[in-house]
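Chemist:
What follows is the structure, given as structure tokens:
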């Protein structure tokens, strides 16, 4: 049974496990989260979407499958794993983009020429494990979802948040933003 995370608990989780490398990328889990959130903030996203960007990969930390599980054929279903921990704290404006960010990758591969080829090796590997590129019918169904546009924004920030040495605000900067997103 999942335990609700508090904002302090989220920070403690990042403190404990955020220093681990982000599978196959030149950044840590925390650096990736901070870069994603900073990109959302720079795009004038609201508190809920900035929080979603910060927390979209929290499932990797909660469902720890070791370093680069995709190389072992493991999909950790991270987009779903964190939701029970976060649902009592945040509403659908935070949780739906998190839940749909993997589907957004599948959609973008179908809808945007060149997107697939620009993905990192690990993102391409995980795409196969996550069901592959959407068919045109699946892509249309995804695009019709109420949170699809937010999930696509989150996915694009996710893709761009893998730069070694990129300066970002610290995690403490995002605590008031998470507080503002409570219940959103």
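Residue numbers (our numbering): 1189 to 1372.
Quick reminder that beta carbons are idealized off the backbone N, C-alpha and C, glycines included.
The structure displayed is predicted, hence computed values, not measured ones.
Does residue 1189 come out as helix, strand or coil in the three-state DSSP assignment?
Modeler: The predicted position of residue 1189 is uncertain, since its pLDDT is 41 and thus under 50; a value taken from the coordinates is nonetheless stated next. Of the three classes helix, strand and coil, the one that applies to residue 1189 here is coil, per DSSP.
Chemist: Are the stretch 1295-1311 and the stretch 1336-1350 in contact at 8 angstroms, needing three or more beta carbon pairs?
Modeler: yes
Chemist: Count Cβ pairs between the stretch 1196-1210 and the stretch 1318-1331 that sit closer than 8 angstroms; are there 3 or more?
Modeler: Contact between the stretch 1196-1210 and the stretch 1318-1331 is absent: fewer than three C-beta pairs spanning the two stretches fall below 8 angstroms.
Chemist: Could you tell me the alpha carbon to alpha carbon distance between residue 1355 and residue 1321, rounded to whole angstroms?
Modeler: 33 angstroms
Chemist: By the three-class DSSP mapping on this structure, what secondary structure does residue 1239 have?
Modeler: helix
Chemist: How should residue 1358 be labelled, buried or exposed, when 16 other C-beta atoms within 10 angstroms of its C-beta is the threshold for buried?
Modeler: It counts as exposed.
Chemist: Are there 16 or more other CB atoms within 10 angstroms of the CB of residue 1298, so buried, or fewer, so exposed?
Modeler: buried
Chemist: Considering only their Cβ atoms, is the gap separating residue 1283 from residue 1271 smaller than 8 angstroms?
Modeler: yes
Chemist: Suppose you measure from the CA of residue 1192 to the CA of residue 1288; what does that come to, to the nearest Å?
Modeler: 21 angstroms
Chemist: In whole angstroms, give me the CA-to-CA distance for residue 1302 and residue 1292.
Modeler: 15 angstroms
Chemist: Only counting runs of 4 or more residues, tell me where the alpha helix (DSSP H) segments fall wholly within the stretch 1277-1304, in order along the chain.
Modeler: Qualifying alpha helix (DSSP H) stretches, in chain order: 1280-1299.
Chemist: For residue 1213, count the other beta carbons within 10 Å of its own beta carbon; 16 or more makes it buried, fewer makes it exposed. Which is it?
Modeler: buried
Chemist: Apart from the five residues just before and just after residue 1189, which ones in its own chain have a Cβ nearer than 7 angstroms to its Cβ?
Modeler: With a pLDDT of only 41 at residue 1189, under 50, the local geometry of the prediction cannot be trusted, and no value is derived from it.
Chemist: With distances taken from CA atoms, which of 1231, 1274 and 1290 is nearest residue 1195?
Modeler: 1274
Chemist: Cα-Cα, which of 1244, 1250, 1305 and 1211 is closest to residue 1280?
Modeler: Shortest Cα-Cα distance from residue 1280 to any of 1244, 1250, 1305 and 1211 involves 1244.
Chemist: Check residue 1354 in the structure and name its three-state DSSP category.
Modeler: coil
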